[in-house]
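Residue numbers (our numbering): 1367 to 1508.
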């Protein structure tokens, strides 16, 4: 192999290694930003990863909303009609949040409480997030 070809081969290998490294870093970044969805039944079955941000969805159990006096902390129960999960959220809830409403909460499990950093509510009476609808259907509630 001539020195010119050897130099060209090194450049090709270096470019391929750079592309492989860039691709690996991009996939790693995508994985870190994905939030997996779990139903209350899956949460209570222990299928939730520890210390990882996830989404939990279902219906707000009627009569379960408790607002802390003098703060923005709200506790409520989310159900898939089979199991329920306690959720705690500190912040301003969406205007459409109420009893019986479909919600998705993003956060982490802390013991037996799901601590949410964000709560999303469905936007009209005819729509339910597909993940929530599937979880309720799987649990046998609809």
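Ideal placement from N, C-alpha and C gives every residue a C-beta, glycine not left out.
Being a predicted model, the structure only gives us computed values, none of them experimental.
Check: Among all the DSSP beta bridges, which residues are the ones paired with residue 1414?
Finding: Residue 1414 is not bridged to any residue.
Notebook entry, point to check: Thinking C-beta only, is residue 1465 closer than 9 Å to residue 1431?
Noted result: yes
Check: For residue 1444 versus residue 1462, is the C-beta distance shorter than 9 Å?
Finding: no
Check: How big is the Cα-Cα spacing for residue 1395 and residue 1385?
Finding: C-alpha separation (whole angstroms): 15 Å.
Item checked: Burial state of residue 1475 (16 or more Cβ within 10 Å) -> buried
Notebook entry, point to check: For residue 1433, is the classification buried or exposed, using 16 other Cβ atoms within 10 angstroms of its Cβ as the cut-off for buried?
Noted result: By the neighbour-count criterion, in which 16 or more other beta carbons inside 10 Å mark a residue as buried, residue 1433 falls on the exposed side.
Note to self: Taking the alpha-carbon of residue 1456 as reference, which of 1371, 1467, 1405 and 1481 has the nearest alpha-carbon?
What the structure shows: 1481
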